[in-house]
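Chains as they are written, first to last, in my numbering: chain A, 1468 to 1946; chain B, 1468 to 1946.
All C-beta atoms in this analysis are idealised placements derived from N, C-alpha and C, irrespective of residue type, glycine included.
Notes follow the structure.
Protein chains: 2
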Amino acid sequence: MSQKVIKNDAITGRDVDFAQWYTDVCRKAELMDYSSVKGFIIYRPYGYAIWEQIQAHLDRRFKETGHENVYMPMVIPESLFLKEKEHVEGFAPETLIATIGGKNNLEDRLIIRPTSEVLFCEHYAKIITSYRDLPKKYNQWCSVVRWEKTTRPFLRGSEFLWQEGHTMHATEKEAREETLAMLDVYDQMGKELLAVPFVTGRKTEKEKFAGAVETYSIEALMHDGKALQSGTTHFFGDGFAKAFSISFQDKDNTVKAPFQTSWGVSTRLIGSIIMVHGDDNGLVLPPFVAPIQIVLIPIQQNKPGVLEKALEIKTALQALGLRVKLDDSDRSPGWKFAEYEMKGVPLRIEVGPRDLEQGVVTIAKRNDGQKTVVNIADVVSTVPSLLKTIHQEMYAHAKAHLESHIHSIHTLAQLDEALNQKLGYAKMMWCGQQACEDKVKELYNATARVLPFDQTAFAETCPVCGEKAHKVVVFAKAY
Amino acid sequence: MSQKVIKNDAITGRDVDFAQWYTDVCRKAELMDYSSVKGFIIYRPYGYAIWEQIQAHLDRRFKETGHENVYMPMVIPESLFLKEKEHVEGFAPETLIATIGGKNNLEDRLIIRPTSEVLFCEHYAKIITSYRDLPKKYNQWCSVVRWEKTTRPFLRGSEFLWQEGHTMHATEKEAREETLAMLDVYDQMGKELLAVPFVTGRKTEKEKFAGAVETYSIEALMHDGKALQSGTTHFFGDGFAKAFSISFQDKDNTVKAPFQTSWGVSTRLIGSIIMVHGDDNGLVLPPFVAPIQIVLIPIQQNKPGVLEKALEIKTALQALGLRVKLDDSDRSPGWKFAEYEMKGVPLRIEVGPRDLEQGVVTIAKRNDGQKTVVNIADVVSTVPSLLKTIHQEMYAHAKAHLESHIHSIHTLAQLDEALNQKLGYAKMMWCGQQACEDKVKELYNATARVLPFDQTAFAETCPVCGEKAHKVVVFAKAY
């Protein structure tokens, strides 16, 4: 019964050792477990159910915006992978390669997909011939493999679950619009589902995706002041299309290369949820992504009427489409309180004989611990609005944390203070030279997260080199 | 524009060359395409959407029956794979093996999962310690890799999509019940979703899954009289559990090994749909699994009111939750008729100016070509029941074909006639010796599909050896 003992252990304090706190939460909330291969984690039911909520939200949005799901092979022949030079240079060092199939050595070795641009391109070359075939807006749900040296659950894995959209368009304008539209879908998902606000913008040349013309990103801020890149969208121009001989006959009868995008988010979003919202008691889940939104805990459940009433409330809440669990196991109420606190269940409803005598139940909010006594007759009307309130409070809380950690920088001393002490984002004017970007990395181990969409200048010079600056950039230490 | 030309080509006749007909349908209905690696197909949007319907149905049923989704690593260390002897002997010859990760040779080579029993067992060994931890009822949606020599789209691939359920139970009785309950979920899915009837039963010792104590199967009958194993469930006893040191402390304080099951269906079901229902004009999709249930085709769509009315009908049908497509492209109605016939869309609604003058539209059923003229006001009430009717007709048709192809065998001559001429299932009494099973394979290239659940004896002797027979068995040629 060692598992139960572990479960009730106190977890490391969040401000004592954030990294250890994170690992404790991942394991003790039963989100994941390690397998025997480094970096390949097991997504346990509770962790996978969070991913299923994210999938359901995004899949609906993708379909509403005209995308179709497909499934491409999980392997890429090495010869095909080598076709786009920048792309292969970016990914080759971290590939897992299969060399034996059916007991024979493979002539063309197979790379387990780290991303599927080349597979989509090979297919698009076959099915795109006319303007009538455009746009092609495909998405794929799958796992990808990147052989990482340092791995952490959900944040950096040798295998992780994700979706990858790959689209082809007749015009550059349309492809550029798609790149931004999908970034917006991700940004909205953060706001509506995860209660996570993002800093959004374009990546620098140095930080952009291997082979892309432009990369855009949503960047979240963790409790410890580090940034987490939570999703990216890429505009490829027609580079891959030309490398893969994809062309179409346009309405004017000329033959052209189409313009391409790709975009993806992964189970890294689960890491983002944990590190933005979690507290010293464990996970705190935003209500709309929580696998269990309400847990019903009977007190003195053997007393007549207690379980019956709990079941009645469960049924009524489920009828509203809510995700409810009634824990009628033989554990003590105290054990259950700790357990579902650790698991971050947004609402706990306590159903006990004394309360029942008065026709009430006690409802506790996970995000701030606030308790309310509610008439049983009002539970069904109260709970949905309570869930909305929790979502709004969590979003506002995360947003305040984010905004109080965006530091406007005018001098190198301020940059030093921001990146070494205050943490969070250092927003500064930048000369645009990679030398200064490299210097910040060298001095503070911080990277340019994005050139934010709002490029309103607030200073004349780059604090690193003192030269004339014309770009706004945001630096941070990041996962 | 080669694609368009291919699309309108006539496909090979179903009774001219069934194998070629099948390939033609797969490609021309745009269900799949080949990639550059043999046996790794591309699931195109229309094919993948069928799989999504199957997933939605089964995922709901799995959750209703208390199962939880998880995700396990896609790789299995070779050392772990070798733990269960029979299992490894069954799968080792067809594994894809990764030997290089991040440019280094791997000490413990990684097998790309052909199935995940050993991964689940390794995990269960860590999380099961008490009777309180049982049952564990997990399912996983993923792809698996089996390095096949001969491959065919959906039927036999080096990579295919599937679900694999893996459960652990405190008692043998409960595990055996689970094995049969999940077979029933599959059987019902055939009846309710795919309109495919199955012959169900237990596999012989020779045909059972590597490492299982018992394997059960749903077997469909294709148009050409060959059987297609469409899903299996396995009872493992406690063999794997002991090999992987999985044990739990029971209520009586003794330490026991739990009992295990696994079960799976794959995208092979798409092959089953194609070969059971398809005809000389292409795919015929059962309405509840069809990605497009109704296609609206405007006639003379430039005439005033035509497109408006078509759109109005589309909106009204979508409001019922139906999957509707309005094709208002500049193709001719004739092209569109052929296209959606090929794609097997269950209902076509023609909206033309002459019909509109009379306040009617023409509705055509894909399964039998029957056309009805319907008042526009009645479309919304007619279509749902028409879809139900089509489903019932398709199921009845497939069931009649199946039943007329189950031949009761008393003599070797009858067996010969059944397996060489009549085709379909040869149902006979069997002595139970593998020698006779081998003999049938040798003579007719047919295999024992199942020992059906109904074991009512109808003869005294085995027609192969003439010895006393006590088992009913069903043989067939199979994919």
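With a Cβ-Cβ cutoff of 7 Å, do residue i and residue j count as a contact?
i: A:A1893; j: A:V1847; result: no
i: A:A1915; j: A:E1674; result: yes
i: A:A1926; j: A:L1886; result: no
i: A:F1627; j: A:V1585; result: no
i: B:G1668; j: B:P1919; result: yes
i: A:H1744; j: A:M1635; result: no
How far does the beta strand (DSSP E) with residue i in it extend, from its first residue to its last?
i: B:Y1501; result: 1499 to 1501
i: B:C1493; result: Unbroken run through B:C1493 is the alpha helix (DSSP H), 1485 to 1495; no beta strand (DSSP E).
i: B:L1647; result: Segment 1639 to 1656 is the alpha helix (DSSP H) holding B:L1647; no beta strand (DSSP E) there.
i: B:M1635; result: 1626 to 1636
i: A:L1823; result: Looking at the DSSP string, A:L1823 is not in any beta strand (DSSP E); the run it does join, the alpha helix (DSSP H), is 1820 to 1824.
i: B:S1796; result: No beta strand (DSSP E) holds B:S1796; DSSP gives it neither H nor E.
Tell me the DSSP secondary structure of residue i in three-state form.
i: A:R1815; result: strand
i: A:T1479; result: coil
i: B:V1756; result: coil
i: B:R1580; result: coil
i: A:S1714; result: coil
i: B:K1589; result: A small fix is needed here, since residue 1589 of chain B is Glu in this sequence, not Lys. Looking at B:E1589 - three-state DSSP - the assignment turns out to be helix.
i: B:E1574; result: strand
i: B:V1472; result: Bear in mind that the predicted position of B:V1472 carries a pLDDT of just 37, short of 50, making it unreliable; the figure below should be weighed with that in mind. Helix.
i: B:I1843; result: helix
i: A:I1536; result: Going by the sequence as given, residue 1536 of chain A is Asn instead of Ile. Correct three-state label for A:N1536: strand.
i: B:A1708; result: helix
i: A:A1885; result: helix
i: B:R1619; result: strand
i: A:A1902; result: helix
i: A:T1734; result: coil
i: B:V1751; result: coil
i: B:K1776; result: helix
i: A:K1838; result: strand
If you follow the alpha helix (DSSP H) that residue i is in, where does it begin and where does it stop?
i: B:W1802; result: 1800 to 1809
i: B:Y1598; result: Careful: B:Y1598 lies outside any alpha helix (DSSP H) and carries neither H nor E.
i: A:Y1862; result: 1846 to 1870
i: A:E1553; result: 1552 to 1558
i: A:M1896; result: A:M1896 -> not in any alpha helix (DSSP H); beta strand (DSSP E) instead, spanning 1892 to 1897.
i: A:L1787; result: Here A:L1787 belongs to no alpha helix (DSSP H), and DSSP marks it neither H nor E.
i: A:H1524; result: 1512 to 1531
i: B:F1548; result: 1545 to 1548
Determine the direct distance from the alpha carbon of residue j to that of residue i, and round the result to whole angstroms.
i: B:L1879; j: B:A1662; result: 34 Å
i: B:I1843; j: B:L1660; result: 28 Å
i: A:E1631; j: A:T1582; result: 8 Å
i: B:W1488; j: B:M1742; result: 10 Å
i: A:I1508; j: A:P1771; result: 45 Å
i: B:P1754; j: B:P1813; result: 6 Å
i: B:A1559; j: A:I1579; result: 19 Å
i: B:K1505; j: B:S1625; result: 7 Å
i: B:N1475; j: B:E1806; result: Low local confidence applies: a pLDDT of 42 at B:N1475 is under 50, so the model's placement there is unreliable, with the coordinate-based value given in what follows. So the two alpha carbons sit approximately 7 Å from each other.
i: B:R1527; j: A:V1841; result: 33 Å
i: A:V1792; j: B:H1524; result: Residue identity differs from the one stated: residue 1792 of chain A is Lys in this sequence, not Val. Straight-line Cα distance between these residues: approximately 23 Å.
i: B:H1590; j: B:P1602; result: 14 Å
i: A:D1484; j: A:R1494; result: 16 Å
i: A:K1889; j: A:D1883; result: 9 Å
i: A:F1577; j: A:I1543; result: A quick correction: the sequence has Leu, not Phe, at residue 1577 of chain A. Distance between the alpha carbons of A:L1577 and A:I1543: 5 Å.
i: A:T1699; j: A:P1820; result: 52 Å
i: B:S1502; j: A:P1540; result: 7 Å
i: B:K1810; j: B:L1752; result: 8 Å
Does residue i come within less than 7 Å of chain C when only Cβ atoms are used?
i: B:N1606; result: In the displayed structure, chain C is absent; the protein chains listed are A and B.
For the 8 Å Cβ check, are there 3 or more pairs between the segment 1568 to 1577 of chain B and the segment 1683 to 1699 of chain B?
no
Tell me, please, whether the segment 1642 to 1654 of chain A touches the segment 1894 to 1904 of chain A by the rule of three or more beta-carbon pairs shorter than 8 Å.
no
On the three-pair Cβ rule with 8 Å, is the segment 1755 to 1769 of chain B touching the segment 1717 to 1732 of chain B?
no
At least three beta-carbon pairs within less than 8 Å, the segment 1614 to 1622 of chain B to the segment 1932 to 1942 of chain B:
no
State whether the segment 1701 to 1718 of chain B contacts the segment 1593 to 1601 of chain B, with contact taken as three or more CB pairs (one from each stretch) at a distance under 8 Å.
yes
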